[in-house]
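Asker: The structure that follows is given in the form of structure tokens.
2 protein chains.
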Amino acid sequence: MAPEQQRGGATRRRGAALEDAILRAAAEELRTAGYAGMTMDRVAQRAGTNKNAIYRRWPGRAVLGVAAYRYLADAELQVPDTGTLRGDALALLRAANKTWSSPQGAVLRDLLAAAADDPGLLTLLREQAGGSSTDAAWLTLLERAVARGEAAAGVVHPRVASVPMMLLRGEYALRGLPEVPDELLSEIVDEVFLPLVRGRTVEGGSTP
Amino acid sequence: MAPEQQRGGATRRRGAALEDAILRAAAEELRTAGYAGMTMDRVAQRAGTNKNAIYRRWPGRAVLGVAAYRYLADAELQVPDTGTLRGDALALLRAANKTWSSPQGAVLRDLLAAAADDPGLLTLLREQAGGSSTDAAWLTLLERAVARGEAAAGVVHPRVASVPMMLLRGEYALRGLPEVPDELLSEIVDEVFLPLVRGRTVEGGSTP
DNA sequence: CCATTTAGGGTACGGTTCGTACCCTAAATG
DNA sequence: CATTTAGGGTACGAACCGTACCCTAAATGG
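The listed protein sequences correspond, in order, to chains Y and W.
The numbering of the first sequence is my numbering, which starts it at 153 and goes up by one.
The numbering of the second sequence is my numbering, which starts it at 153 and goes up by one.
What follows is the structure in structure tokens.
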């Protein structure tokens, strides 16, 4: 199927071209066989090269996995705008849930598990897998709510912004992989997120 | 060091005695070498037996790891009673943080990572590693606060009760293993948990 | 008290996979 | 055109999991 498999002894690739081929092959393995199936030998074979070329660029399987994941997941996260804080929050949670429950999400979770012991790898994964862009989305969501007068200024706080995603992620970690039902998302919003915003409104946790 | 290593050809253990020796050996390996170092061969050797006896009882390494973890962590979680909701919450979070940041916590996180793909194993781990007792502790904590008049009845809700631990756990998952600073714990309590309780107080999230 | 069944112990093996080493040659470099 | 650099092919060592086989100690029961 993929023409990379047997690139009949044409020319010999070098540098960036080869690196690209390796990343592409690794990403394809991730997509079809998951992280567990992303063997170094298979990646080398699919890329039409050998492990030498791989180990010359990445120190090990896990790092290559993280690098290849970027090839797979370069989706741009766009902040929804439904007009209400509740609608925005729910939309953002649904988008996250969709990603996490997809095969791609399974790969991400496997990578996260593999990097559990390695802080360096963990930050690398977080940087490349758009962890910070998610936080930013929630913050702008809160800012909009403040601008509409739906919430007090004090709610625009990173810790508050991270709560819904943390709960969703925790649900995935605690349960198996299947998928989180939609009712749970609204429960997070209605039972936790909105009361939290409300509570911070009461006597203002505003920071100067 | 450990006398289990060479139990000079005395008698041959059977049944419960042998099972106990295996679990003890596995727990010791977990403690000294972590989950990654808990090799089946090493466990067998330390227990003074062979892999046959192990595989006759547990289907694989992961399940043995979970079973052995119980040997390591049979700490009884006691609910603190400081007189205020804030004090109780902080105490409970500190206890959890202490556990999670210990070597034992590292093992637990490794096991959790290893079981990320296996829902059955995950529930097994959750049941044995006192996941539910933690939830219960937070609920009683909330009930006490209600009894003292510190909060409205509606706050006694599983989802609310799980929030602080979820956030702490998320912090561990997101960052590396080092340890979570104490300021973060009070931030979770002051910026999220207490406002959340307050917010639910406002117009009652009481469920019929 | 002896014969039979059950379960441990010793050992070896097949199968994977990671990571490394060596040698040869195509491509870049001057 | 000579030299350096980096790819390609291949084989290998090491570690581990899980399984198979055979022998024997311990339980079991007539």
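We put the beta carbon where it would ideally sit given N, CA and C, even for glycine.
How should residue 360(Y) be labelled, buried or exposed, when 16 other C-beta atoms within 10 angstroms of its C-beta is the threshold for buried?
Answerer: As a first step, residue 360(Y) must be located in the first sequence, where it is residue number 208. Low per-residue confidence applies at residue 360(Y): pLDDT is 37, beneath 50, and the placement is therefore not dependable, though the value from the model is reported in the following sentence. It is exposed - the Cβ of residue 360(Y) has fewer than 16 other Cβ atoms within 10 Å.
Asker: Residue 325(Y) CB to nearest chain W CB: under 9 Å?
Answerer: Start at 1 with the first residue of the first sequence, and residue 325(Y) comes out as number 173. Yes, its Cβ sits closer than 9 Å to a Cβ of chain W.
Asker: Consider the Cβ of residue 314(Y): report whether some Cβ of chain W lies at a distance smaller than 9 Å.
Answerer: As a first step, residue 314(Y) must be located in the first sequence, where it is residue number 162. Yes, contact with chain W.
Asker: Reducing DSSP to helix, strand and coil, say where residue 165(Y) ends up.
Answerer: Residue numbering aside, residue 165(Y) sits at position 13 when the first sequence is read from its first letter. Residue 165(Y) falls in the coil class under three-state DSSP.
Asker: My guess is that residue 198(Y) and residue 180(Y) are in contact by the Cβ rule of under 8 Å, so how many angstroms apart are they, rounded?
Answerer: The residue labelled residue 198(Y) in the question sits at position 46 within the first sequence. The residue labelled residue 180(Y) in the question sits at position 28 within the first sequence. With a Cβ gap of about 6 Å, residue 198(Y) and residue 180(Y) count as contacting.
Asker: Any beta carbon of chain Y sitting closer than 9 Å to that of residue 340(W)?
Answerer: Locating residue 340(W) in the second sequence gives position 188, where the first residue counts as 1. Yes, its Cβ sits closer than 9 Å to a Cβ of chain Y.
Asker: Should residue 357(W) go down as buried or exposed, given a rule of 16 or more other Cβ atoms within 10 Å for buried?
Answerer: For this step, residue 357(W) is matched to residue 205 along the second sequence. Low local confidence applies: a pLDDT of 41 at residue 357(W) is under 50, so the model's placement there is unreliable, and no value is given.
Asker: For residue 156(W) and residue 269(W), I'd like the C-alpha separation in whole angstroms.
Answerer: Position 4 of the second sequence, counted from the start, is the residue given in the question as residue 156(W). Position 117 of the second sequence, counted from the start, is the residue given in the question as residue 269(W). Below a pLDDT of 50, predicted positions are generally treated as unreliable, and residue 156(W), at 44, falls in that range; the measurement from the model is reported next regardless. Spanning the two alpha carbons is a distance of roughly 34 Å.
Asker: Under 8 Å, with one C-beta from each stretch per pair, do the stretch 284-299 of chain Y and the stretch 230-248 of chain Y reach the 3-pair mark?
Answerer: Yes, the stretch 284-299 of chain Y is in contact with the stretch 230-248 of chain Y.
Asker: What is the rounded straight-line gap between the Cα of residue 334(W) and the Cα of residue 205(W)?
Answerer: Your numbering for residue 334(W) matches position 182 in the second sequence. Your numbering for residue 205(W) matches position 53 in the second sequence. Roughly 45 Å between the two C-alpha positions.
Asker: I'd like the ranges of any alpha helix (DSSP H) spanning at least 4 consecutive residues and lying wholly in the stretch 244-271 of chain W.
Answerer: Qualifying alpha helix (DSSP H) stretches, in chain order: 255-266.
Asker: With 7 Å as the limit, tell me which residues of the stretch 185-201 of chain W have their beta carbon closer than that to any beta carbon of chain Y; keep them in chain order.
Answerer: Listed by position, the residues of the stretch 185-201 of chain W near chain Y (Cβ gap below 7 Å) amount to none.
Asker: Since residue 246(Y) meets chain W, which of its residues come closer than 8 Å, beta carbon to beta carbon?
Answerer: Numbered from 1 along the first sequence, position 94 holds the residue referred to as residue 246(Y). Correct list: empty, because the minimum Cβ distance to chain W is about 18 Å.
Asker: Tell me which same chain residues have a C-beta within less than 7 Å of the C-beta of residue 175(Y), skipping the five on either side of it?
Answerer: For the purposes of this step, residue 175(Y) is taken as residue 23 along the first sequence, with counting starting at 1. Result list for residue 175(Y): 219, 220, 223, in chain order.
Asker: Measure the Cβ-Cβ separation of residue 263(Y) and residue 305(Y) and say whether it is below 9 Å.
Answerer: On the first sequence, residue 263(Y) is found 111 positions in, with the first residue counted as 1. On the first sequence, residue 305(Y) is found 153 positions in, with the first residue counted as 1. Against a cut-off of 9 Å, the Cβ pair of residue 305(Y) and residue 263(Y) comes out as no contact.
Asker: Expressed to the nearest angstrom, what Euclidean distance is found between the alpha-carbon atoms of residue 311(W) and residue 301(Y)?
Answerer: Taking the second sequence and counting its residues from 1, the one referred to as residue 311(W) is at position 159. Taking the first sequence and counting its residues from 1, the one referred to as residue 301(Y) is at position 149. Approximately 27 Å between the Cα atoms of the pair.
Asker: Closer than 8 Å by beta-carbon distance: list the chain W residues that pair up with residue 216(Y), in chain order.
Answerer: Here residue 216(Y) refers to the residue found at position 64 of the first sequence. Simply none; closest approach about 18 Å.
Asker: Taking the Cβ atom as the reference point for each residue, do residue 190(W) and residue 203(W) lie within a distance shorter than 9 Å?
Answerer: Position 38 of the second sequence, counted from the first residue, corresponds to residue 190(W). Position 51 of the second sequence, counted from the first residue, corresponds to residue 203(W). Taking 9 Å as the Cβ cut-off, residue 190(W) and residue 203(W) do not qualify as a contacting pair.
Asker: Measure the beta-carbon distance from residue 274(Y) to residue 328(W) and round it to whole angstroms, keeping in mind my assumption that it falls under 8 Å.
Answerer: What you label residue 274(Y) is simply residue 122 of the first sequence in a count that begins at 1. What you label residue 328(W) is simply residue 176 of the second sequence in a count that begins at 1. Right, the Cβ-Cβ distance comes to about 6 Å (below 8 Å), so this counts as a contact.
Asker: First and last residue of the alpha helix (DSSP H) that includes residue 190(Y)?
Answerer: For the purposes of this step, residue 190(Y) is taken as residue 38 along the first sequence, with counting starting at 1. Here residue 190(Y) belongs to no alpha helix (DSSP H), and DSSP marks it neither H nor E.
Asker: At 9 Å on the CB atoms, spell out the chain Y contacts of residue 269(W), in chain order.
Answerer: Residue mapping note: residue 269(W) aligns to position 117 of the second sequence, counting from 1. Per Cβ cutoff of 9 Å: 186, 188, 258, 261, 262, 265, 328, 329.
Asker: Of all Cβ atoms in chain Y, is any one closer than 9 Å to the Cβ of residue 161(W)?
Answerer: Here the question's residue 161(W) lines up with position 9 in the second sequence. Because the pLDDT at residue 161(W) is just 49, under 50, the model does not fix this residue reliably, and the point stays unresolved.
Asker: Are any of the Cβ atoms in chain W nearer than 9 Å to that of residue 272(Y)?
Answerer: Taking the first residue of the first sequence as position 1, residue 272(Y) is located at position 120. Cβ-Cβ to chain W under 9 Å: yes for residue 272(Y).
Asker: Measuring alpha carbon to alpha carbon, tell me which residue in 167(Y), 184(Y), 352(Y), 338(Y) is nearest residue 308(Y).
Answerer: Taking the first residue of the first sequence as position 1, residue 308(Y) is located at position 156. The shortest Cα separation from residue 308(Y) among 167(Y), 184(Y), 352(Y), 338(Y) belongs to 352(Y).
Asker: Which of the three DSSP states is assigned to residue 345(W) in this structure?
Answerer: To locate residue 345(W), count along the second sequence from 1; it is residue 193. Reduced to three states, the DSSP call for residue 345(W) is helix.
Asker: Sort 241(W), 341(W), 349(W), 211(W) by Cα distance to residue 288(W) and report the nearest one.
Answerer: Counting from 1 along the second sequence, the entry for residue 288(W) is found at position 136. Nearest of 241(W), 341(W), 349(W), 211(W) to residue 288(W), Cα basis: 241(W).
Asker: With DSSP as the reference, label residue 236(W) as helix, strand or coil.
Answerer: Taking the second sequence and counting its residues from 1, the one referred to as residue 236(W) is at position 84. Note: residue 236(W) maps to coil in three-state DSSP.
Asker: List the residues of chain W that residue 294(Y) touches, going by C-beta distances under 9 Å, in chain order.
Answerer: Residue 294(Y) sits at position 142 when you count from the first residue of the first sequence. Neighbours of residue 294(Y) on chain W: none; closest Cβ ~13 Å, over 9 Å.
Asker: Leaving out five residues on either side along the sequence, give the residues of the same chain with a beta carbon under 7 Å from the beta carbon of residue 187(W).
Answerer: Numbered from 1 along the second sequence, position 35 holds the residue referred to as residue 187(W). Around residue 187(W): 217, 259, 262, 263, 266.
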